[in-house]
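Heads up, the sequence shown is in my numbering, so the first residue is 9 and it goes up one at a time. Note that beta-carbon positions come from the ideal geometry of N, C-alpha and C, so glycine has one too. For clarity, every value in this text was computed on a predicted model and none was experimentally measured. Just below is one structure, and these are the notes that go with it.
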Amino acid sequence: LHYIYISCHIQSIILKTSGAFTMFRDMQERVKRLSAQVASHTHSSDHRDQEVTLDTASLADLLADKKGAEVWTIDSSSKIVDAMAELANRRVLSAPIVLATPSHGNEALNARLEIDFPSCSYTTVGFIDVKGILNAHISTALFEIAKDRSITDLGELAVPLLEAATRVGQMTVLNAMGEDGGMLRIKKKKGESELSVREVIQNSILSSLGDCVYHRLAITDHKGRLHKLLSQSDIVRFLYKHPSCVSTISRRTVRDLRLGTKRVFTVQGNVPAFFVFCQLHSRGLSAAGVVSPEGALVANLSASDIRSLTPHHFSHLHIPVTRFLKLLQVQPASAGDSAPSTSSSSNSNSTPSRGLTPIREKSLHGLKGDKFALTGQKHSKSNPDVAQPATTLKVRMKPLVCCKLRNTLEECLQCVVENRVHRVYIVDDDMRPLGVITLTDILRLVVKYM
Numbered sequence: 009l010h011y012i013y014i015s016c017h018i019q020s021i022i023l024k025t026s027g028a029f030t031m032f033r034d035m036q037e038r039v040k041r042l043s044a045q046v047a048s049h050t051h052s053s054d055h056r057d058q059e060v061t062l063d064t065a066s067l068a069d070l071l072a073d074k075k076g077a078e079v080w081t082i083d084s085s086s087k088i089v090d091a092m093a094e095l096a097n098r099r100v101l102s103a104p105i106v107l108a109t110p111s112h113g114n115e116a117l118n119a120r121l122e123i124d125f126p127s128c129s130y131t132t133v134g135f136i137d138v139k140g141i142l143n144a145h146i147s148t149a150l151f152e153i154a155k156d157r158s159i160t161d162l163g164e165l166a167v168p169l170l171e172a173a174t175r176v177g178q179m180t181v182l183n184a185m186g187e188d189g190g191m192l193r194i195k196k197k198k199g200e201s202e203l204s205v206r207e208v209i210q211n212s213i214l215s216s217l218g219d220c221v222y223h224r225l226a227i228t229d230h231k232g233r234l235h236k237l238l239s240q241s242d243i244v245r246f247l248y249k250h251p252s253c254v255s256t257i258s259r260r261t262v263r264d265l266r267l268g269t270k271r272v273f274t275v276q277g278n279v280p281a282f283f284v285f286c287q288l289h290s291r292g293l294s295a296a297g298v299v300s301p302e303g304a305l306v307a308n309l310s311a312s313d314i315r316s317l318t319p320h321h322f323s324h325l326h327i328p329v330t331r332f333l334k335l336l337q338v339q340p341a342s343a344g345d346s347a348p349s350t351s352s353s354s355n356s357n358s359t360p361s362r363g364l365t366p367i368r369e370k371s372l373h374g375l376k377g378d379k380f381a382l383t384g385q386k387h388s389k390s391n392p393d394v395a396q397p398a399t400t401l402k403v404r405m406k407p408l409v410c411c412k413l414r415n416t417l418e419e420c421l422q423c424v425v426e427n428r429v430h431r432v433y434i435v436d437d438d439m440r441p442l443g444v445i446t447l448t449d450i451l452r453l454v455v456k457y458m
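In structure tokens:
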């Protein structure tokens with residue numbers, strides 16, 4: 009009986025312990041589920057409360073906005089004329105140049121130069137951009153013009169301009185490499201932190217070494233292979249998408265922030281386009297404002313306007329700027345537009361910004377003395393063999409975007425992003441230019457105040 013009592017007591021204890029253990033396990037599972045829910049809620053709340061800033065956002069965040077964007081390159085052995093056609097077709101201003109694999113038969117030369125092509129083949133060596141192409145054309149054209157001392161009329165420039173453009177077109181793209189593109193390696197070593205947006209702007213775009221400014225970066229991996237392309241436009245677009253990055257200065261005006269204090273380089277509409285491009289080349293500029301005889305800003309001439317030109321069209325750079333812009337066949341404005349317009353974007357669904365003025369093609373028609381046949385065949389008087397182009401180029405030109413000193417930084421960002429432009433001109437009430445705001449100016453301002 010004593011044995012049976014002890015056995016029953018032990019069994020009872022085991023059953024109670026088992027039941028308690030089961031209850032404890034169930035309670036533990038419930039606590040885990042509740043903890044997970046609380047942690048998830050807290051994380052989402054913290055994520056919502058955490059603002060995106062220049063220091064919290066990283067290079068990966070910048071590149072995430074470009075997810076799916078095609079990265080294409082130009083072979084270093086390609087000709088400039090082919091590169092220009094590709095730039096115009098893709099509607100871009102630059103492309104990375106990759107080192108091409110050498111042709112057979114150059115092994116001795118490669119050995120003498122100590123070039124190990126299997127390891128450096130298709131490695132990014134630089135950028136070709138419209139500014140570099142323009143510089144190559146201007147340098148070659150000036151050389152051709154200097155050879156012929158008999159030129160006394162602007163019309164006689166057609167032949168040397170055509171010869172220069174033909175020569176440049178057959179050069180390799182290495183002869184038109186730009187100076188405003190840089191490289192940035194993605195850090196892959198263990199323990200290295202991700203670059204912040206501020207570091208990308210300060211150390212890679214706005215280099216601390218002198219006045220060197222890069223407008224675009226080739227993002228490579230640790231082995232030098234091209235991964236992504238990042239431009240100033242991409243960064244400005246990121247700032248516009250995340251207003252918290254510029255929250256403390258977005259409502260301040262252009263006057264308060266002292267934006268666009270540099271003097272605008274302007275030209276009259278009757279100045280030959282070749283002379284304007286020569287000035288851009290010598291001054292190291294990318295664009296010039298075109299003004300009317302009264303001094304009102306009516307158009308913008310930039311290096312990007314040449315990317316769709318063939319050697320034949322280059323022979324007509326001796327014509328006035330306004331005629332040259334019409335030669336590019338500016339996309340006509342809609343029936344309801346007037347010059348100047350008050351819309352902030354070419355998209356009619358976008359919200360207009362007060363005082364921002366995209367000026368379109370109708371502004372050019374207001375200039376006197378700019379009658380020019382856009383179609384048909386027209387021969388130069390001094391050079392009958394050089395004909396005007398039979399048709400104009402199918403080029404979608406960007407609007408000339410202007411603002412007033414009273415406009416805010418937020419409005420300027422909106423206009424830059426929505427119109428996909430690289431500069432905003434500051435004008436007075438009579439459309440006279442007071443300054444120009446570039447993407448570089450915006451990035452410098454944001455880094456300084458944020």
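Residue-level contact to chain B via CB, residue i, 7 Å cutoff
| i | result |
| --- | --- |
| Leu453 | The structure shown contains no chain B, having only a single protein chain. |
Beta-carbon spacing of residue i, residue j below 7 Å
| i | j | result |
| --- | --- | --- |
| Leu142 | Ala281 | no |
| Ile450 | Leu442 | no |
| Leu162 | Ala149 | no |
| Leu67 | Val299 | no |
| Cys420 | Cys410 | no |
| Leu293 | Phe322 | no |
| Thr448 | Arg431 | no |
| Leu460 | Ser86 | Examination of residue 460 is not possible in this model, given that the chain is present from 9 through 458 alone. |
| Leu408 | Asn308 | yes |
| Leu305 | Gly297 | yes |
| Ile146 | Phe283 | no |
| Leu62 | Arg263 | no |
| Gly192 | Ile227 | The residue you asked about is not Gly; residue 192 is Leu in the sequence shown. Closer than 7 Å, so yes. |
| Val425 | Ser252 | no |
| Thr180 | Pro319 | no |
| Val133 | Ile105 | yes |
| Thr416 | Thr261 | yes |
| Gln210 | His223 | no |
| Arg315 | Ala96 | yes |
| Arg440 | Gly268 | no |
| Val279 | Val329 | yes |
Whole-number beta carbon distance between residue j and residue i, since they are thought to touch under 8 Å
| i | j | result |
| --- | --- | --- |
| Phe135 | Ala103 | 7 Å |
| Leu453 | Leu238 | Wrong, their Cβ atoms sit about 19 Å apart, outside the cutoff. |
| Ser215 | Val221 | 7 Å |
| Glu152 | Glu171 | 5 Å |
| Gly186 | Gly140 | 4 Å |
| Ala144 | Asn183 | 6 Å |
| Asp188 | Asp137 | 7 Å |
| Thr81 | Leu234 | 7 Å |
Span of the alpha helix (DSSP H) around residue i
| i | result |
| --- | --- |
| Ser499 | Residue coverage of the chain in this structure runs from 9 to 458, which leaves residue 499 outside it and unanswerable. |
| Asn427 | Leu417 to Asn427 |
| Ile88 | Ile88 to Arg98 |
| Gly190 | From DSSP, Gly190 is part of no alpha helix (DSSP H) but of the beta strand (DSSP E) over Gly189 to Arg193. |
| His321 | Pro319 to Phe322 |
| Val176 | Ala166 to Gly177 |
| Leu70 | Leu67 to Ala72 |
| Arg331 | Val329 to Leu335 |
Beta-ladder partner(s) of residue i, from DSSP
| i | result |
| --- | --- |
| Tyr433 | Cys410 and Val444 |
| Asp137 | Ser102 |
| Ser310 | Ala295 |
| Ser204 | Ser66 |
| Thr132 | Val106 |
| Met185 | Ile136 |
| Leu305 | Val299 |
Start and end residues, beta strand (DSSP E) containing residue i
| i | result |
| --- | --- |
| Phe282 | No beta strand (DSSP E) holds Phe282; the alpha helix (DSSP H) holding it covers Ala281 to Arg291. |
Secondary structure of residue i, DSSP reduced to three states
| i | result |
| --- | --- |
| Val221 | strand |
| Asn278 | coil |
| Ile227 | strand |
| Asp83 | strand |
| Ser215 | coil |
| Thr261 | strand |
| Thr180 | strand |
| His49 | Confidence in His49 is poor, its pLDDT being 49 and thus under 50, which makes the residue's placement too unreliable to answer from. |
| Lys75 | coil |
| Thr148 | helix |
| Leu325 | coil |
| Leu234 | strand |
| Leu267 | coil |
| Ser390 | The pLDDT assigned to Ser390 is 41, lower than 50, so where the model puts this residue is not dependable, and the model offers no usable value. |
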